[in-house]
Amino acid sequence: MNGPDEPLDFGSIADIPKSKELFERRAQFHWEYYSELAFLRSKIYDSLKASLRERTKSFEFSKWQRAVKYRYSLMPLSTKGSFSDPGGRFNIGAIDPSRFPLFPALYLASDKKTALAELLGRDGPADSLTPEELALTKSTSITVVSVSGRLESVLDVRDAKNLAGFINLIRDFRIPAN
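For the sequence shown, the positions run 920 to 1097 when my numbering is used.
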């Protein structure tokens, strides 16, 4: 079958302009929605920060693990890689650095298996290849260090009580109908 009625994944070639228009309308809606929420949050920014800051606690950890490729062995606690794109793990600043400043991130795991999975992108074999083979890395080219320390201010977002003040501040936000 050739011509304008040739099926794609779904729909037809004639549906492409309609799909594009629908996508653009949805993208515009989400941008306006996000922008309005950002504006509302900016009006109470200090209160939002305080609501989260007052729920933080210190956190001590002992013998956590950090896995790095051998070439980074002399500086295993460097956060430089967290700024890399691609490959810099989570860093929201990479979305729009003018609005969301970049920040350093250090990834530690509570055990060696998790540290290696984080480095290699997988924790077990896939078919007949090991995680090291899939990452094109020799197991002898990996350094794992043990790290202990204390973080002064940690917000546990798994506990809903820690977010209650924040939620109370934003729960009455209203988005204009237009």
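In this text, a Cβ means the ideal position worked out from N, Cα and C, and glycines have one as well. Note that the coordinates shown come from a computational prediction; the quantities given were computed from them, not determined experimentally.
Checklist entry - At which residue ranges does the region 1055-1084 contain complete beta strand (DSSP E) runs of 3 or more residues, listed in the order of the chain? => result Those beta strand (DSSP E) runs which fall completely within the region 1055-1084 and span 3+ residues are 1061-1073.
Checklist entry - PHE1022 by DSSP, collapsed to three states: which one? => result Walking along the sequence shown from the start, residue 1022 turns up at place 103. Here PHE1022 sits in coil by DSSP.
Checklist entry - Grouping DSSP H, G and I as helix and E and B as strand, with all else coil, what is GLU1037? => result Residue 1037 sits at position 118 when you count from the first residue of the sequence shown. Three-state DSSP puts GLU1037 in a helix.
Checklist entry - Skipping 5 residues on each side, what residues in its chain have a beta carbon closer than 7 angstroms to that of ALA1028? => result Position 109 of the sequence shown, counted from the first residue, corresponds to residue 1028. Non-local beta-carbon contacts of ALA1028 in its own chain, meaning distances under 7 angstroms to residues more than five positions away in sequence, involve TRP983, GLN984, ALA1034, GLU1037 in chain order.
Next on the checklist: Quick check: LEU1074 and THR998, are their CB atoms within less than 8 angstroms of each other?
Outcome noted: On the sequence shown, position 155 is the one that residue 1074 refers to. On the sequence shown, position 79 is the one that residue 998 refers to. If you check the CB distance, LEU1074 and THR998 do not come in under 8 angstroms.
Checklist entry - In the DSSP assignment, what residue or residues form a beta bridge with GLN984? => result Looking up residue 984 in the sequence shown gives position 65. Bridge partners of GLN984: ALA1028, SER1065.
Checklist entry - Would you call SER1003 buried or exposed, if buried means 16 or more other Cβ atoms sit within 10 Å of its Cβ? => result For the purposes of this step, residue 1003 is taken as the residue at position 84 of the sequence shown. The residue in question, SER1003, is exposed, as its Cβ has fewer than 16 Cβ neighbours within 10 Å.
Item to check | Beta-carbon contacts of ILE1094 that lie in its chain and below 8 angstroms, excluding the five residues immediately before and after | outcome: For the purposes of this step, residue 1094 is taken as the residue at position 175 of the sequence shown. In its chain, beyond the 5 residues on either side, TYR952, GLU955, LEU956 have a beta carbon closer than 8 angstroms to the beta carbon of ILE1094.
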